[in-house]
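Asks:
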Ligand code: IMP
Ligand code: MG
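Residue numbers (my numbering): 7 to 195.
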């Protein structure tokens, strides 16, 4: 679990009356993404996995992750509707883009930016159950273990974080702030 107090506050991002403070630095992300890439490369040695990113949030993590994959691999994307303009989930998920690849008999690795309630991953697992992949695992950069409401298994986890709203490194607030290279958390001060 990443603790807020672990981080020296270097920078603050103001969004209206709200304040976001650093939670995970660029260097910590780089180090952990490299470790995940190495672990997945070892686990899938001799196989040809297909990484399936969940758009939009996962695009930066997915891109950095596969640069750390040392075996052959393929990629594809699902696009799900997002939180919209809110900090809390609508509780509904809509599929906005199907896969192009044929995933039958393939080793698939779902790539998420963050697992909060687990609703999105649960939805994706149900979609995939219509096919017959050789295997399916999930990698998520961030997991909020205290928010999980669905019984989903996340096989590779970058960081467990507190149950607080975060932005940066692909994660948005009303579609903005995805371009920040560190992860910032909503401050309660
Ligand atoms: P879940 O379906 O409740 O697990 O939420 C997962 C999705 O909601 C993620 O793919 C993100 O797009 C979004 N999300 C969840 N928590 C946050 C957050 O703290 N900041 C930004 N987006 C989030
Ligand atoms: Mg997402």
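Glycine included, every Cβ here is placed at the ideal spot set by N, Cα and C.
Express the C-alpha separation of residue 38 and residue 74 in angstroms, rounding to a whole number.
Replies: 11 Å
Asks: Report all residues from its chain with a CB closer than 8 Å to the CB of residue 63; omit the five preceding and five following residues, and keep chain order.
Replies: 88, 118, 119, 120, 176, 177, 178, 184
Asks: Roughly how many angstroms lie between the CA atoms of residue 109 and residue 27, to the nearest whole one?
Replies: 40 Å
Asks: Mapping the DSSP letters down to three states, classify residue 94 as helix, strand or coil.
Replies: coil
Asks: Can you give the Cα-Cα distance for residue 77 and residue 141, rounded to whole angstroms?
Replies: Distance between the alpha carbons of residue 77 and residue 141: 17 Å.
Asks: Hey, which unbroken runs of the beta strand (DSSP E) at 3 residues or more fall wholly within the stretch 144-189?
Replies: Those beta strand (DSSP E) runs which fall completely within the stretch 144-189 and span 3+ residues are 162-166.
Asks: Sorted by chain position, which residues of the same chain lie with C-beta nearer than 7 Å to residue 112's C-beta, five sequence neighbours on each side aside?
Replies: 56, 139, 140
Asks: Going straight from the alpha carbon of residue 45 to that of residue 143, what length do you get?
Replies: 13 Å
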